[in-house]
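Asker:
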Amino acid sequence: MPLSTKSEARDLDADLKRCEDAAGVTIQSFDAIGRLVQFAKAALIGWPAAIRLAKEAEDEIDRLRNELQIAQEQSRSYD
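For the sequence shown, the positions run 0 to 78 when numbering that gives the first Met the number 0 is used.
1. Considering just the uninterrupted stretch of the alpha helix (DSSP H) at residue 44, what are its terminal residues?
2. Using a 10 Å radius around the Cβ and a threshold of 16 neighbouring Cβ atoms, would you call residue 33 buried or exposed?
3. To the nearest angstrom, report how far apart residue 11 and residue 78 are at their CA atoms.
4. For the alpha helix (DSSP H) that residue 12 lies in, which residues bound it at each end?
5. Which same chain residues end up closer than 8 Å to residue 52 when comparing Cβ atoms and leaving out the 5 residues on each side of it in sequence?
6. Please say whether residue 43 and residue 21 have beta carbons closer to each other than 8 Å?
7. Between residue 49 and residue 14, how many whole angstroms is the CB-CB distance? I'm expecting something under 8 Å.
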């Protein structure tokens, strides 16, 4: 998997599974080291993508809360 800085849609379920799978790996063979290296490569791409997605979601929540507050204030002015 080549490292990329492009903003691409991520399969967050697959990224989460990759994290969960890597958590139980113990280094007892070269295969385990290879799997950890693959995990680290994927993490360099996946974690920033997930963080960006979470930040976008938080920004949207803030925007919607603000919209709700404005709507509630406007509604009160009609009472």
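Backbone N, C-alpha and C define an ideal beta-carbon position, used for all residues, glycine too.
Answerer: Checking against the coordinates, here is how it stands:
1. Counted as a single uninterrupted DSSP element, the alpha helix (DSSP H) harbouring residue 44 occupies residues 29-76.
2. Per the 10 Å Cβ criterion, exposed.
3. Cα-Cα distance, rounded: 46 Å.
4. DSSP places residue 12 inside the alpha helix (DSSP H), whose first and last residues are 11-22.
5. Cβ neighbours of residue 52 within its own chain (closer than 8 Å, five residues either side excluded): 9, 11.
6. No.
7. With a contact defined as Cβ atoms closer than 8 Å, residue 49 and residue 14 qualify at about 6 Å.
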